[in-house]
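Q: At position 65 of the sequence shown the residue is numbered 52 (the working numbering), and the sequence of numbers has no breaks.
Every residue gets a Cβ at the ideal spot worked out from N, C-alpha and C, and that includes glycine.
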Amino acid sequence: MAVKAIPGPILKRLIDAERCFDAREYAGAAAIYEGVLKQLPGQINALVMLSRVRMILGEAPKAVELAKRAVSVAPDDAGALACLGHALLAADRGEEGVAALDRAVAAGYAGDDANVGLTDALVRLGRDAEAVARMDAWGIGVDGTPIWLR
């Protein structure tokens, strides 16, 4: 949903929730996002951000459920796919998390967290050679230092 398509009062609540999130007031952010979702069950921003809050609060199964809802609303949304990948990794569902993060990167997700999450998950899954190959492809050294800074 484009920002201009979000009703003004809902947009204000999303901004308030973002402020709570940034201030690490996660319970407050969660309450606002949940309220938004009662009014607009498919509001992608609220779904993704509430999933992130649930991950932070250690509620990985809830995070996965919310991220899956976000992807069902916007199947090609790179941010929703990345959120799903991270939620799946948090829920110890490594292979599924890697697949979702791969989809996010393929869909144009540019956040470094996807690459870091992918390599971390691959190492945890015992796929070290693939992790190193991906790091080389992304220009990241094994110690995390970009190769161009060495």
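If you follow the alpha helix (DSSP H) that Gln26 is part of, which residue opens it and which one closes it?
A: Counting from 1 along the sequence shown, the entry for residue 26 is found at position 39. Run containing Gln26: 13 to 26, per the alpha helix (DSSP H) assignment.
Q: Determine the burial state of Leu71: buried for a count of at least 16 other Cβ atoms within 10 Å of its Cβ, exposed for fewer.
A: Within the sequence shown, numbered from 1, the residue matching residue 71 stands at position 84. Leu71 should be labelled buried.
Q: Under the assumption that Leu105 contacts Arg121 (Cβ atoms under 8 Å), give the Cβ distance between them as a whole number of angstroms.
A: Along the sequence shown, one-based indexing puts residue 105 at 118. Along the sequence shown, one-based indexing puts residue 121 at 134. Their Cβ separation, rounded to whole angstroms, is 6 Å, which keeps Leu105 and Arg121 in contact under 8 Å.
Q: What is the DSSP secondary structure of Asp100, reduced to helix, strand or coil?
A: Indexing the sequence shown from 1 puts residue 100 at position 113. Asp100: helix per DSSP, three-state reduction.
Q: Just to confirm before moving on: does the CB-CB distance between Ala138 and Leu88 stay below 7 Å?
A: No information on residue 138 is available, as it lies outside the stretch -12 to 137 that the chain covers here.
Q: Kindly give me the distance between the Cβ atoms of Ile19 and Val60, rounded to whole angstroms, as I take these residues to be in contact under 8 Å.
A: As a position in the sequence shown, residue 19 is number 32, starting the count at 1. As a position in the sequence shown, residue 60 is number 73, starting the count at 1. At roughly 19 Å, the Cβ-Cβ gap does not stay under 8 Å, so Ile19 and Val60 are not in contact.
Q: Determine the closest residue to Ala108 out of Asp123, Gly81, Val119, with distance taken between C-alpha atoms.
A: The residue labelled residue 108 in the question sits at position 121 within the sequence shown. Comparing Cα-Cα distances from Ala108 to each of Asp123, Gly81, Val119, the minimum goes to Gly81.
Q: What three-state label does DSSP hand Ala94 in the structure shown?
A: By one-based count along the sequence shown, residue 94 stands at place 107. The answer is coil: DSSP assigns Ala94 none of H, G, I, E or B.
Q: With a threshold of 16 other CB atoms inside 10 Å of the CB of Arg11, please say whether the residue is buried or exposed.
A: Reading the sequence shown from its first residue, position 24 is the one you call residue 11. It is exposed - the Cβ of Arg11 has fewer than 16 other Cβ atoms within 10 Å.
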